[in-house]
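Chains as they are written, first to last, in our numbering: chain A, 1127 to 1797; chain B, 1127 to 1797.
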């Protein structure tokens, strides 16, 4: 008989205190009751006892060698993929299904972070969908979706990352055999980083410089088989392996890949956007921008990934802070829950609010993305630049903010946050990965800045601009005065962003006027340009978060509306206080206003405090997904820490063999 | 024949460009030419070929299971400890030798981060030195220093960290047998975290609540044998094991420990500061503050540890940035070295400057510590509160700044910084550990704030205060105007700190006047108190860094003086720009001043750029210590990354067994 689960008393009391309907908030966060039910249905299948027994057998994964971890990851990925195929078999397969956060959060429970199959679905399949012709899709998609073949997406090289034009891998067309010859001319040209490539994938989409009739036509995608389907041996001319240990993505099987004149059929170039005819003639078919699709899609996904991983971290840290007691400011009272310390609230509540902000912004971005996708199917790419700029800065800021706040959650858990069993270091390692991959922070901010500078010039010329930068024309007429309402602060953030964009433009122009080339002037202004893009992105998030909160709580219960608005107020007030220097410079904020902001901020902490545990419960992240000794629903922190320690293989024997091989002789002075 | 080492051409060119004498700067950083020579001597012995063969045999450590890693750590620790004993045998053994950063940096080369023996020397031995009577020292020190016994320091418990009064482990004196009975009354009372405890140590200093004659006298240190010296089996009544995987400190063998009525002789209580007589009478011998010694010592050490680990990170990132080329802003030129991008300089040069700032501040703090130690030997504890406050806030801010900047170095290395072979994630994990252990950031800042508030009240009463807070009396007479000289900015930081301390005091008093208890008012003001302590600490570092730079370069060559002053200027200007909001509020800085600061900052980046590689070379961190594929002296980044990847056990066979056990059947739809 299983012992009854006893929930920690402090947590029980916290849950009694909560004054809003947790389920109602969960539905809002998920995007509606039906979606919550869908998600729970997926979870109930994935977390069946017999599945979890496979997932959890053996010692904690972090104790194993990397080779053993890979083997375990394959076993678990196969199990999950079988379930996944059943899930998707029930519905239409489109990018939305593949990108579904519900499936991804379930995969987390199986694999901690990334599966060797993740790139197959997220990028191999989606690239065929986005860049293959209908014939090519008919050729490759069925076996790919059924996972009879498993692919990866090989773009980044050892010596070349973000700058795609710098890639060195070549695909040279040979009209005699109607084949492309793939080749890796140098060490630095080896593909490096693709997930699933090291030991798993038997196919890859390879991005290479296309040469035909002696001319280079830039990078194109090619499907290349890299391993034999029967023996799994690398095919002739293929050099492939794992790139070695990483900070995170430990199970992701990231690999390297080199080609020694490997030949593939002409039909293996994905030809939706450009073609090579049998005789070697190159034909460009569509706008270069059409190929942005996959990239933008992945960035949109990463915003919601950042939100979800932050939600996990703050769930762990808030529950732990309700259970942990420390110090004794009042000698007659017991040690207080650390959640009662205002410094702890200062660390954690901004995490809850940011998880909301990013989740609502990501849902809003997803809607924008879907609309632009629909436009593009009609051949209209007008809104793509705005979406590209938005997805760039939001990916950068959301992953960066989440990373900082996940680490802050870890700090807030003291020494126990340093244990891998807390799960906080793993969340950090994963989000550190998504902060860098698919576009580094600085580079993405500068991509957004290009868009902002263009928009700024448009408004100077009196032209209209896209909605998310329309403040560049409005703010001039808004007057300069600081307004302590939330709408007022959001406007101030926009004025501030405009001020920074304007300062960067001035700095570029001053340099151009002194005789510098535009590009050099741009380069020397990049510190300011990054700051401008950050300010813009913060204004976008504040604005979207506040308006989505208003919209979503219009018909909600009063108490849910209250807590959601408190969180949004906290977020906006927090960032106003973080940016007092800018607000003093660009808006007419006064010393008294700053003092009022600080007081309001502290009042909001006090208002949120009684609902804090309820708020993280509303993320509805099951223990199977959370996998945290500190953050489990029952709050039995110390019992779980000790139980986890006891599973460490080092503890399976009282004396380690190194005592006999080295340590004893050393202590006896015999070494 | 070994192939000739070819240094990367970009690095060669950078080194030619360097305009100052690198050796001269190394001597200054080390504290004098003799110290550099001592250090190199230690390194030349430690890094003999036959030693490194033992250290480096087998696959990369990060690929092994935790059990294998522990076994390797013991083998390497024994080898290093034999060398260590020879080193110390040559000189007097005192805390300074044990704390020597030269020995610790060499240990890094052997163990990546922490050895299972580290706490033995750093805390077990030093506690006996600091808290044992002469008789007890005679009894325990010889075998401890000769490492015939290996100990740890067991204070923190599963449920209790910083708040020592809350510890639950008891030591109850039994006058009949003249023994103490050690006991662990609850799960949360288990000792948790001590390094070396899990599988290695056979002794421990245990901090427990002393009970005698039915009365509790607070915590005292006891020496307890925990394992049999012949068999290494845990002794009866001892429950001991490893606590499980951690974010860093992977080889540190952190453990848990519980006692079931374990008896030890009366003589095993360390009795320098308090005694229990045979009949059980408790006698207090000296000021409670005397026991702060070990704690302050460790904090002082951690400041230099933070500086050194940051120096490693920035060495890696600057060398890599000189080798890595990316993007092509000018279509007629090759891809530039990423070190030429001003955004990259913005990320990295503050890292070089901060490593200098913390190194010089730590040397200055060490001098202060030695003086206070000498005072204490005379029974004078007058300067201890200042030292305690200083060591608290400097430990907090130095580890926190280093952590952020190490991560910034990692970001600056893009995807390759995510590889463990870059070493940046390991440095992050280690410094993340020292940021939390020996006192969490917030708690240490609040300890410093207590001191600041007292000092503020003293100056209000017209009394004089300790040197590092004397600005609290001076700044009033300094006038309010902003002064763009570096001395002027340092004064502004002091004025700013005073403003924040004053605001926090006002906030406490307002609450007390409204009827709140002082302690409650303090608690509600802690966000402001932490901010005040941060501002104070930043002013201390800026002031110490600038004055030490002046002092140390008074007799140096002009070019070394120039680069050191450029770095100090960069540091101070950087922090002024980070704190414009505060400077606008508390000092009379103008918009034009801010623009000037930004321009000066960018000029300094340009001045430092040609010497950047020389500056990191001057840290003189050998490849054996650095252990980085990205940061080696020869800059052969891609060769090293590929060579390291090839050592991964996953690559020792073309097809992993999981293909046959699961993956093939899965692709065939048979799972």
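Where a beta carbon is used, it is the ideal one built from N, C-alpha and C, also for glycine. Since the structure is predicted, the reported quantities are computational estimates derived from the model, not experimental observations.
* **Under 7 Å from the C-beta of residue 1767 (chain B): neighbouring residues of chain A** => Residue mapping note: residue 1767 (chain B) aligns to position 641 of the second chain, counting from 1. Below the 7 Å Cβ cutoff, chain A contributes 1284 as neighbours of residue 1767 (chain B), in chain order.
* Distance between residue 1757 (chain B) and residue 1636 (chain A) (C-alpha atoms, nearest Å) -> In the first chain, residue 1636 (chain A) corresponds to position 510, counting from 1. In the second chain, residue 1757 (chain B) corresponds to position 631, counting from 1. Straight across, the Cα-Cα distance linking residue 1636 (chain A) with residue 1757 (chain B) is about 38 Å.
* Hey, would you say residue 1359 (chain B) sits closer than 8 Å to residue 1780 (chain A), going by beta carbons? -> Residue 1359 (chain B) sits at position 233 when you count from the first residue of the second chain. Residue 1780 (chain A) sits at position 654 when you count from the first residue of the first chain. Going by C-beta atoms, residue 1359 (chain B) is nearer than 8 Å to residue 1780 (chain A).
* Cα-Cα separation between residue 1373 (chain A) and residue 1380 (chain A), rounded to whole angstroms -> Position 247 of the first chain, counting from 1, holds the residue named residue 1373 (chain A). Position 254 of the first chain, counting from 1, holds the residue named residue 1380 (chain A). Their backbone Cα atoms lie some 12 Å apart in a straight line.
* To do: Report the option in B:1577, B:1487 and B:1675 whose CA atom is closest to the CA atom of residue 1523 (chain B).
  => The sequence position of residue 1523 (chain B) within the second chain is 397, counting from 1. Nearest option by C-alpha distance: B:1487.
* Closer than 7 Å by C-beta to residue 1384 (chain B): which residues in its own chain qualify, once you throw out the five before and the five after it? Chain order, please. => Within the second chain, the letter at position 258 stands for residue 1384 (chain B). For residue 1384 (chain B), same chain residues with a beta-carbon under 7 Å away, outside a window of 5 residues either side, are 1310, 1316 and 1365 in chain order.
* At which residue ranges does the region 1244-1308 of chain A contain complete alpha helix (DSSP H) runs of 4 or more residues, listed in the order of the chain? -> The qualifying runs are 1252-1257 and 1260-1271.
* At least one CB of chain B closer than 8 Å to the CB of residue 1200 (chain A): is that the case? -> The residue given as residue 1200 (chain A) occupies position 74 in the first chain. So yes, residue 1200 (chain A) belongs to the interface.
* To do: Starting from the beta carbon of residue 1619 (chain B), find every residue of chain A whose beta carbon is closer than 7 Å, and list them in chain order.
  => Looking up residue 1619 (chain B) in the second chain gives position 493. Per Cβ cutoff of 7 Å: no residues; residue 1619 (chain B) is ~15 Å from chain A at best.
* To do: For residue 1513 (chain B), count neighbouring C-beta atoms within 10 Å of its own C-beta (all shown protein chains included) and say buried if the count is 16 or more, exposed if not.
  => Indexing the second chain from 1 puts residue 1513 (chain B) at position 387. Burial of residue 1513 (chain B) is indicated by the presence of at least 16 other C-beta atoms within 10 angstroms of its C-beta.
* Asked: Roughly how many whole angstroms lie between the Cα atoms of residue 1597 (chain B) and residue 1313 (chain A)?
  -> As a working note, residue 1597 (chain B) is residue 471 in the second chain. As a working note, residue 1313 (chain A) is residue 187 in the first chain. One C-alpha to the other measures close to 58 Å.
* At which residue ranges does the region 1515-1600 of chain A contain complete alpha helix (DSSP H) runs of 4 or more residues, listed in the order of the chain? -> Every alpha helix (DSSP H) of 4 residues or more that sits fully in the region 1515-1600 of chain A is shown, in chain order, as 1550-1562, 1567-1586 and 1597-1600.
* Who are the Cβ neighbours of residue 1666 (chain A) in its own chain at under 8 Å, not counting the five residues just before and after it? -> Here residue 1666 (chain A) is taken as the residue at index 540 of the first chain, counted from 1. Hits under 8 Å: 1487, 1516, 1519, 1520 and 1594.
* Does the beta carbon of residue 1478 (chain A) sit closer than 8 Å to a beta carbon anywhere in chain B? -> For this step, residue 1478 (chain A) is matched to residue 352 along the first chain. Nearest CB-CB separation between residue 1478 (chain A) and chain B: not below the 8 Å threshold.
* Asked: Is it true that the region 1655-1665 of chain A meets the region 1617-1630 of chain A, where meeting means three or more beta-carbon pairs spaced less than 8 Å apart?
  -> Segments in contact, yes.
* To do: Measure the C-alpha to C-alpha separation of residue 1484 (chain B) and residue 1671 (chain B) and round it to an integer number of angstroms.
  => If you number the second chain from 1, residue 1484 (chain B) lands on position 358. If you number the second chain from 1, residue 1671 (chain B) lands on position 545. Answer to the nearest angstrom: the Cα atoms are 8 Å apart.
* Minimum Cβ-Cβ distance from residue 1219 (chain B) to chain A less than 8 Å -> Against the second chain, residue 1219 (chain B) aligns to sequence position 93. Below a pLDDT of 50, predicted positions are generally treated as unreliable, and residue 1219 (chain B), at 49, falls in that range; the measurement from the model is reported next regardless. Not one chain A Cβ lies under 8 Å of residue 1219 (chain B).
* **Assigned exposure category for residue 1287 (chain B) - 16 Cβ within 10 Å defines buried** => Residue 1287 (chain B) sits at position 161 when you count from the first residue of the second chain. With 16 or more other Cβ atoms within 10 Å, it is buried.
* Asked: What residues in the region 1377-1402 of chain B bring their beta carbon closer than 8 Å to a beta carbon of chain A?
  -> Residues of the region 1377-1402 of chain B whose Cβ lies closer than 8 Å to any Cβ of chain A, in chain order: 1382.
* Asked: Can you tell me the Cα-Cα spacing of residue 1209 (chain A) and residue 1177 (chain A), whole angstroms?
  -> Taking the first chain and counting its residues from 1, one reaches residue 1209 (chain A) at position 83. Taking the first chain and counting its residues from 1, one reaches residue 1177 (chain A) at position 51. Roughly 10 Å between the two C-alpha positions.
* Mind checking which residues open and close the beta strand (DSSP E) that includes residue 1180 (chain A)? => Looking up residue 1180 (chain A) in the first chain gives position 54. For residue 1180 (chain A), no beta strand (DSSP E) segment is defined; the enclosing uninterrupted segment is the alpha helix (DSSP H) at 1175-1182.
* **N- and C-terminal bounds of the alpha helix (DSSP H) containing residue 1472 (chain A)** => Stepping through the first chain from its first residue, residue 1472 (chain A) is reached at position 346. Segment 1468-1503, the alpha helix (DSSP H) holding residue 1472 (chain A).
* Asked: What residues in the region 1263-1277 of chain A have a beta carbon less than 8 Å from any beta carbon of chain B?
  -> For the region 1263-1277 of chain A, which is checked against every Cβ of chain B, the residues closer than 8 Å are 1272, 1273, 1274, 1275 and 1276.
* To do: Would you list, in chain order, the members of the region 1177-1198 of chain A that have their beta-carbon closer than 8 Å to a beta-carbon of chain B?
  => Correct list: 1186, 1188, 1189, 1190, 1191, 1192, 1193, 1194, 1196 and 1197.
* Neighbourhood of residue 1205 (chain A) by C-beta distance below 8 Å, restricted to the same chain and skipping five residues each side -> Working through the first chain from its first residue, we reach residue 1205 (chain A) at position 79. Taken in chain order, the residues that qualify are 1177, 1180, 1181 and 1236.
* **Cβ contact check for the region 1724-1739 of chain A and the region 1474-1483 of chain A: 3 or more pairs under 8 Å** => Contact holds between the region 1724-1739 of chain A and the region 1474-1483 of chain A, because three or more Cβ pairs, one in each stretch, are under 8 Å apart.
* Compute the Euclidean distance between the alpha carbons of residue 1538 (chain B) and residue 1470 (chain B), then round it to the nearest angstrom. => Residue numbering aside, residue 1538 (chain B) sits at position 412 when the second chain is read from its first letter. Residue numbering aside, residue 1470 (chain B) sits at position 344 when the second chain is read from its first letter. C-alpha of residue 1538 (chain B) to C-alpha of residue 1470 (chain B): approximately 7 Å in a straight line.
* Asked: Touch check for the region 1453-1468 of chain B and the region 1553-1570 of chain B: three-plus C-beta pairs under 8 Å?
  -> Because the criterion of three Cβ pairs below 8 Å is not met, the region 1453-1468 of chain B and the region 1553-1570 of chain B do not touch.
* To do: Determine contact between the region 1257-1270 of chain A and the region 1429-1446 of chain B, defined as no fewer than three beta-carbon pairs at a distance below 8 Å.
  => No: fewer than three Cβ pairs fall under 8 Å.
* Asked: In terms of residue numbering, what span does the alpha helix (DSSP H) encompassing residue 1338 (chain B) cover?
  -> Reading the second chain from its first residue, position 212 is the one you call residue 1338 (chain B). Element bounds for residue 1338 (chain B): not the alpha helix (DSSP H) but the beta strand (DSSP E), 1329-1338.
* Please name the residues in the region 1532-1545 of chain A whose beta-carbon is closer than 7 Å to at least one beta-carbon of chain B, in chain order. => Residues are counted here when their Cβ sits less than 7 Å from a Cβ of chain B; for the region 1532-1545 of chain A these are 1537, 1540, 1541, 1544 and 1545, given in chain order.
* Excluding the 5 residues preceding and the 5 following residue 1139 (chain A) in the sequence, name in chain order all residues of the same chain whose CB lies nearer than 8 Å to its CB. => For the purposes of this step, residue 1139 (chain A) is identified with residue 13 of the first chain, where counting begins at 1. Sequence-distant partners of residue 1139 (chain A) (beyond 5 residues in either direction) whose C-beta falls short of 8 Å from its own C-beta are missing from its chain.
* Under a three-way DSSP split, which group does residue 1397 (chain A) fall into? -> Stepping through the first chain from its first residue, residue 1397 (chain A) is reached at position 271. It is coil, neither helix nor strand.
* **Nearest candidate by alpha-carbon position, reference residue 1690 (chain B), set B:1648, B:1673 and B:1776** => Taking the first residue of the second chain as 1, we reach residue 1690 (chain B) at position 564. The closest CA to that of residue 1690 (chain B), considering only B:1648, B:1673 and B:1776, is found on B:1673.
* Kindly list, in the order they appear in chain B, the residues whose Cβ is closer than 7 Å to that of residue 1472 (chain A). => Position 346 of the first chain, counting from 1, holds the residue named residue 1472 (chain A). The contacting residues are 1653.
* Cutoff 8 Å: residue 1710 (chain A) Cβ touching any chain B Cβ -> Indexing the first chain from 1 puts residue 1710 (chain A) at position 584. Yes, contact with chain B.
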